[in-house]
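Enquirer:
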Amino acid sequence: TRINKVVLSGFKSFQKKTVIPFFDGLTTIVGENGAGKSNLFDAISFVMGRRSSQLRADRLEQLIFNGGERHSPAEEAQVVLHLDNQESVFDRFLGNGSTAPEITLGRRITRSSSTYTFMGRACSRAQVDEILEAAKIDPDGQQLIAQGMITDIIKKNPVRRREILDEVS
Amino acid sequence: TRINKVVLSGFKSFQKKTVIPFFDGLTTIVGENGAGKSNLFDAISFVMGRRSSQLRADRLEQLIFNGGERHSPAEEAQVVLHLDNQESVFDRFLGNGSTAPEITLGRRITRSSSTYTFMGRACSRAQVDEILEAAKIDPDGQQLIAQGMITDIIKKNPVRRREILDEVS
Amino acid sequence: KRGRFLETLAAVTVQFDRIFKELFQGGTASLELETPGDISSGLLIKAHPPEKEPHVLDSLSGGEQTLVAAAFIFALQEYQHAPFFILDEIDAALDLMNVTRLSRMLRDYAKRLQVIVVSHNEETVRHADRAYGVTMKNGVSQVLALNLN
Amino acid sequence: KRGRFLETLAAVTVQFDRIFKELFQGGTASLELETPGDISSGLLIKAHPPEKEPHVLDSLSGGEQTLVAAAFIFALQEYQHAPFFILDEIDAALDLMNVTRLSRMLRDYAKRLQVIVVSHNEETVRHADRAYGVTMKNGVSQVLALNLN
Ligand SMILES: Nc1ncnc2c1ncn2[C@@H]1O[C@H](COP(=O)(O)OP(=O)(O)OP(=O)(O)O)[C@@H](O)[C@H]1O
Ligand SMILES: Nc1ncnc2c1ncn2[C@@H]1O[C@H](COP(=O)(O)OP(=O)(O)OP(=O)(O)O)[C@@H](O)[C@H]1O
Ligand SMILES: [Mg+2]
Ligand SMILES: [Mg+2]
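Chains as they are written, first to last, in the working numbering: chain Y, 377 to 545; chain X, 377 to 545; chain C, 22 to 170; chain D, 22 to 170.
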């Protein structure tokens with residue numbers, strides 16, 4: 377599979393609905409300090425199920441656009457991930473032999489609720505894990521490296537490092 | 377005061393005796409990855425009394441030049457720090473109303489010993505601390521920032537951060 | 022399963038050493054169990070850059086540690102085949118030569134999987150197929166597609 | 022002494038805010054005790070970049086955290102007057118604009134105290150009075166004085 381598109385609204389510094397298409401090859405994300413690059417990284421981690429502590433927040437509600445100085449805060453944060461299904465890797469989740477060129481995984485939080493969606497319909501966290509696993513995506517895997525975390529594998533205690541290899545085998 | 381000179385031999389990747397003069401103003405240290413820039417930083421931290429764990433080593437003996445692939449290991453590591461005394465801030469340690477334009481602080485380790493020197497003569501660690509303090513040098517202070525440690529003050533727990541202010545006041 | 026773990030370890034170690042040699046232009050690296058054969062013990066990383074004595078991993082420089090970590094991550098990928106890498110400022114500690122080596126390797130992986138990299142480094146951006154610029158105005162972020170020519 | 026601590030805190034806070042404003046071209050910052058008046062409680066850093074809502078310190082970006090940390094270190098220095106700064110790659114997370122701002126500030130401090138900075142960044146080196154190049158050959162480091170013109 378590959379990421380076709382990321383759609384965010386109300387997530388961290390992305391106040392309004394923002395659509396970001398992704399393509400094959402090497403894409404770089406650039407911009408000044410504090411612009412929102414790592415927030416975009418967090419959005420992708422968030423929709424794939426990472427916890428608030430891995431997203432530089434103490435609680436999920438801190439992920440909702442807080443208004444800055446000039447705006448009012450958002451009511452909710454939502455991120456939808458569009459994943460390519462042209463190789464049919466997700467077909468078994470689509471029901472009744474149907475297929476689709478792409479699937480969507482979403483996650484929405486308000487100050488008091490947190491929901492996951494698959495193809496726009498509510499689903500459980502466990503189902504999201506299962507869907508991602510079908511495409512060999514591990515939200516906690518070594519393919520998603522947050523800022524400052526590249527040497528984490530070096531600093532890890534050897535048993536935790538071996539557990540990473542357990543996950544892989 | 378200021379640092380007039382740093383003389384290292386057998387310390388980490390500095391096999392031979394290396395003399396590095398320092399001057400007023402802004403000095404940058406440049407070079408490729410793995411060249412030895414942070415090792416030079418470590419040498420200055422080492423002579424001012426920082427522990428092996430703060431010098432990227434498990435034990436002091438790992439600070440001795442290990443030979444690389446092509447050379448034999450050194451027997452000992454020594455660093456001598458030459459500090460300016462033209463403002464007489466160190467006079468009270470020089471004995472009998474004498475003075476000198478600069479003082480030297482040294483630290484030498486072998487696989488089985490560790491000694492500090494002041495003006496070439498053996499002294500205690502406590503004396504080194506006292507001498508540095510006279511010049512407002514704190515080996516564990518916020519004026520000496522190791523690679524990757526700049527945001528340590530941000531990540532510290534608030535009580536340890538307040539203790540830094542205790543030290544200052 | 023003990024057998025499967027040891028098989029994975031062997032396969033990943035071969036890749037780790039190969040990728041390490043490419044990033045360091047020599048030297049050797051390996052992954053070993055603390056207690057050989059005991060799959061419940063920890064996993065050690067042995068990294069030996071060219072002309073240096075293999076040493077405590079901590080005593081490697083910032084840039085060297087980044088390259089060792091990247092070699093490990095890429096070695097896992099050769100085994101796992103995840104569909105993308107998303108890497109936030111992994112080049113921060115690298116000098117120009119090593120940014121170039123790492124970027125070439127990322128460009129190579131980008132032929133087979135999606136690679137998304139956040140970077141401040143012009144040399145990294147030079148290797149990209151496309152770029153998005155993120156800007157902030159009045160506390161709100163916006164994303165623009167940039168022309169790389 | 023409680024009085025002396027509170028006096029130090031007040032003095033350092035004034036400097037912290039002033040230096041923060043210069044590095045961020047606006048905004049406000051302060052240092053506060055977790056429990057006001059209780060000098061055994063922890064010390065909080067409140068950092069509020071321009072046009073942003075003051076937020077959890079952790080949610081500041083890598084570059085923003087570097088600048089906040091630098092402001093804190095410089096604020097302590099205004100009070101302590103140590104004879105030198107020795108800083109190893111503190112500019113790693115900064116964009117070009119912020120490297121320039123930080124380097125100008127370091128250059129300013131360099132008039133009053135000795136400043137020694139390890140850096141890979143050309144912009145940082147551009148602000149230096151002199152430079153030493155460290156090279157490694159066959160596992161041995163050497164230091165050369167470089168000509169900055
Ligand atoms: N919930 C939120 N609402 C509004 N703004 C937020 C929220 N959470 C974080 N921010 C802002 O986002 C900014 C950080 O953005 P981000 O970490 O993405 O920067 P960056 O582009 O990665 O910068 P750098 O190059 O320094 O790493 C902070 O200034 C923070 O105030
Ligand atoms: N005791 C020792 N004897 C010989 N070499 C050593 C010793 N300790 C460390 N080294 C070598 O020094 C090198 C690291 O040097 P250093 O950390 O100073 O690099 P650096 O110039 O700061 O690089 P970077 O830009 O990546 O931070 C390592 O490759 C390590 O093998
Ligand atoms: Mg960032
Ligand atoms: Mg270094």
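Quick reminder that beta carbons are idealized off the backbone N, C-alpha and C, glycines included. On a predicted model such as this, the values are computed, not experimentally measured, just so you know.
What in chain C is Cβ-close to residue 73 of chain D, meaning under 7 Å?
Expert: For this step, residue 73 of chain D is matched to residue 52 along the fourth sequence. Correct list: 160.
Enquirer: Please report the residue range of the alpha helix (DSSP H) in which residue 90 of chain C lies.
Expert: Within the third sequence, residue 90 of chain C is the residue found at index 69, counting from 1. It spans 83 to 101 - the alpha helix (DSSP H) in which residue 90 of chain C sits, taken as one unbroken run.
Enquirer: Can you tell me whether residue 134 of chain D is helix, strand or coil according to DSSP?
Expert: Walking along the fourth sequence from the start, residue 134 of chain D turns up at place 113. Here residue 134 of chain D sits in coil by DSSP.
Enquirer: Give the residues from the segment 84 to 100 of chain C that approach chain X closer than 7 Å (Cβ to any Cβ), ordered along the chain.
Expert: When C-beta distances to chain X are compared with 7 Å, the residues of the segment 84 to 100 of chain C below that value are 84, 85, in chain order.
Enquirer: At the 9 Å Cβ level, is residue 386 of chain X part of the contact set with chain C, yes or no?
Expert: Indexing the second sequence from 1 puts residue 386 of chain X at position 10. Closer than 9 Å: no.
Enquirer: Tell me, please, which residues DSSP counts as bridged to residue 402 of chain Y.
Expert: In the first sequence, residue 402 of chain Y corresponds to position 26, counting from 1. Residue 402 of chain Y pairs with C:136.
Enquirer: Thinking just about the alpha-carbon of each residue, which of Y:434, Y:431, Y:432, Y:450 is nearest to the one in residue 440 of chain Y?
Expert: Stepping through the first sequence from its first residue, residue 440 of chain Y is reached at position 64. Looking at the Cα atoms, Y:450 is the closest of the given residues.
Enquirer: Taking 8 Å as the line, does the beta carbon of residue 109 of chain D fall inside it for any heavy atom of ligand 4?
Expert: On the fourth sequence, residue 109 of chain D is found 88 positions in, with the first residue counted as 1. True, at least one ligand heavy atom lies under 8 Å from that Cβ.
Enquirer: What residues in the segment 142 to 166 of chain C bring their beta carbon closer than 8 Å to a beta carbon of chain Y?
Expert: 145, 146, 148, 149, 150, 151, 152, 153, 154, 155, 156, 157, 159, 160, 161, 162, 163, 164
Enquirer: Contact between the segment 392 to 408 of chain X and the segment 123 to 142 of chain D is defined here as three or more beta-carbon pairs at a separation below 8 Å; is this criterion met?
Expert: Under the three-pair Cβ rule at 8 Å, the segment 392 to 408 of chain X counts as touching the segment 123 to 142 of chain D.
Enquirer: Please list, in chain order, all residues of the same chain as residue 32 of chain C whose beta carbon is under 7 Å from its beta carbon, the five residues on each side excluded.
Expert: Counting from 1 along the third sequence, the entry for residue 32 of chain C is found at position 11. Result list for residue 32 of chain C: 100, in chain order.
Enquirer: Excluding the 5 residues flanking residue 537 of chain X on each side, which residues of the same chain have their C-beta closer than 6 Å to its C-beta?
Expert: Taking the first residue of the second sequence as position 1, residue 537 of chain X is located at position 161. Answer for residue 537 of chain X: no residue qualifies.
Enquirer: Are the C-beta of residue 507 of chain Y and some C-beta of chain C separated by less than 9 Å?
Expert: The residue you call residue 507 of chain Y lines up with position 131 of the first sequence. It does not: the Cβ of residue 507 of chain Y has no partner Cβ on chain C nearer than 9 Å.
Enquirer: Thinking C-alpha only, which one of Y:457, Y:430, Y:411 is nearest residue 396 of chain Y?
Expert: Here residue 396 of chain Y is taken as the residue at index 20 of the first sequence, counted from 1. That would be Y:457, whose Cα lies nearest to the Cα of residue 396 of chain Y.
Enquirer: Please go through the segment 23 to 72 of chain D and give each complete beta strand (DSSP E) segment of 3 or more residues, from N-terminal end onward.
Expert: 49 to 54, 64 to 69
Enquirer: Under 9 Å, do residue 377 of chain Y and residue 476 of chain Y count as touching if we go by C-beta distance?
Expert: The sequence position of residue 377 of chain Y within the first sequence is 1, counting from 1. The sequence position of residue 476 of chain Y within the first sequence is 100, counting from 1. Not a contact, by the Cβ cut-off of 9 Å.
Enquirer: Taking the beta strand (DSSP E) that residue 478 of chain Y falls in, what are its first and last residues?
Expert: Taking the first residue of the first sequence as position 1, residue 478 of chain Y is located at position 102. It spans 478 to 486 - the beta strand (DSSP E) in which residue 478 of chain Y sits, taken as one unbroken run.
Enquirer: If we count the other Cβ atoms within 10 Å of its Cβ and call it buried at 16 or more, is residue 70 of chain C buried or exposed?
Expert: Working through the third sequence from its first residue, we reach residue 70 of chain C at position 49. Counting Cβ neighbours within 10 Å, residue 70 of chain C comes out buried, since at least 16 surround it.
Enquirer: Alpha carbon to alpha carbon, how far is residue 534 of chain X from residue 61 of chain D?
Expert: The residue given as residue 534 of chain X occupies position 158 in the second sequence. The residue given as residue 61 of chain D occupies position 40 in the fourth sequence. Residue 534 of chain X and residue 61 of chain D have their alpha carbons spaced roughly 10 Å apart.
Enquirer: Helix or strand or just coil, what does DSSP make of residue 415 of chain Y?
Expert: For the purposes of this step, residue 415 of chain Y is taken as residue 39 along the first sequence, with counting starting at 1. Helix at residue 415 of chain Y.
Enquirer: In chain order, what residues of the same chain lie with their CB nearer than 7 Å to the CB of residue 97 of chain C, ignoring the 5 residues before and after it?
Expert: The residue given as residue 97 of chain C occupies position 76 in the third sequence. Excluding residues within five positions, the ones whose Cβ falls inside 7 Å are 33.
Enquirer: So, residue 546 of chain Y versus residue 157 of chain C, is the Cβ gap smaller than 9 Å?
Expert: No information on residue 546 of chain Y is available, as it lies outside the stretch 377 to 545 that chain Y covers here.
Enquirer: Residue 85 of chain D: buried (16+ other C-beta within 10 angstroms of its C-beta) or exposed?
Expert: The residue given as residue 85 of chain D occupies position 64 in the fourth sequence. The C-beta of residue 85 of chain D has 16 or more other C-beta atoms within 10 Å across all chains shown, which makes the residue buried.
Enquirer: Just list the residues that DSSP pairs residue 475 of chain Y with in beta bridges.
Expert: As a first step, residue 475 of chain Y must be located in the first sequence, where it is residue number 99. Beta-bridge pairing links residue 475 of chain Y to no other residue.
Enquirer: Along chain C, in chain order, which residues have C-beta atoms closer than 9 Å to that of residue 414 of chain X?
Expert: For the purposes of this step, residue 414 of chain X is identified with residue 38 of the second sequence, where counting begins at 1. Chain C residues near residue 414 of chain X: 82, 83.
Enquirer: Determine the chain C residues that contact residue 515 of chain Y at a beta-carbon separation under 7 Å, and present them in chain order.
Expert: Residue numbering aside, residue 515 of chain Y sits at position 139 when the first sequence is read from its first letter. Those within 7 Å of residue 515 of chain Y in chain C number zero; the least Cβ separation is about 11 Å.
Enquirer: Please state whether the Cβ-Cβ distance between residue 43 of chain D and residue 445 of chain Y is less than 9 Å.
Expert: The residue given as residue 43 of chain D occupies position 22 in the fourth sequence. The residue given as residue 445 of chain Y occupies position 69 in the first sequence. No, Cβ-Cβ distance for residue 43 of chain D and residue 445 of chain Y is not below 9 Å.
Enquirer: To which residues of the same chain is residue 424 of chain Y closer than 8 Å at the C-beta, ignoring the five residues directly before and after it?
Expert: Mapped onto the first sequence, residue 424 of chain Y falls at position 48. Shown here for residue 424 of chain Y: same chain residues with a beta carbon closer than 8 Å to its own, the five before and five after excluded, namely 457, 481, 504, 508, 513, 515, 520 in chain order.
Enquirer: Between which residues of its own chain and residue 135 of chain D is the CB-CB distance below 6 Å, once the five residues before and five after are set aside?
Expert: Position 114 of the fourth sequence, counted from the first residue, corresponds to residue 135 of chain D. Same-chain partners within the cutoff: 105.
Enquirer: For residue 458 of chain Y, which residues does DSSP report across the bridge?
Expert: If you number the first sequence from 1, residue 458 of chain Y lands on position 82. The partner list for residue 458 of chain Y (beta bridge, DSSP) reads Y:381, Y:480.
Enquirer: Using a C-beta cutoff of 9 Å, does residue 526 of chain X count as contacting chain D?
Expert: On the second sequence, residue 526 of chain X is found 150 positions in, with the first residue counted as 1. Answer yes: the Cβ-Cβ gap between residue 526 of chain X and chain D drops below 9 Å somewhere.
Enquirer: Hey, could you find the ends of the beta strand (DSSP E) residue 158 of chain C is sitting in?
Expert: On the third sequence, residue 158 of chain C is found 137 positions in, with the first residue counted as 1. Element bounds for residue 158 of chain C: 151 to 158.
Enquirer: Within the present structure, is the beta-carbon of residue 430 of chain Y separated from the nearest heavy atom of ligand 3 by less than 8 Å?
Expert: Locating residue 430 of chain Y in the first sequence gives position 54, counting from the first residue. Residue 430 of chain Y: no, Cβ never under 8 Å from ligand 3.
Enquirer: Give the straight-line distance between the Cα atoms of residue 459 of chain Y and residue 466 of chain Y, rounded to the nearest whole angstrom.
Expert: Within the first sequence, numbered from 1, the residue matching residue 459 of chain Y stands at position 83. Within the first sequence, numbered from 1, the residue matching residue 466 of chain Y stands at position 90. Their Cα atoms are separated by approximately 9 Å.
Enquirer: Can you find a C-beta in chain C that's less than 9 Å from the C-beta of residue 426 of chain X?
Expert: Here the question's residue 426 of chain X lines up with position 50 in the second sequence. Not an interface residue.
Enquirer: Helix, strand or coil for residue 121 of chain C per DSSP?
Expert: Within the third sequence, residue 121 of chain C is the residue found at index 100, counting from 1. Of the three classes helix, strand and coil, the one that applies to residue 121 of chain C here is helix, per DSSP.
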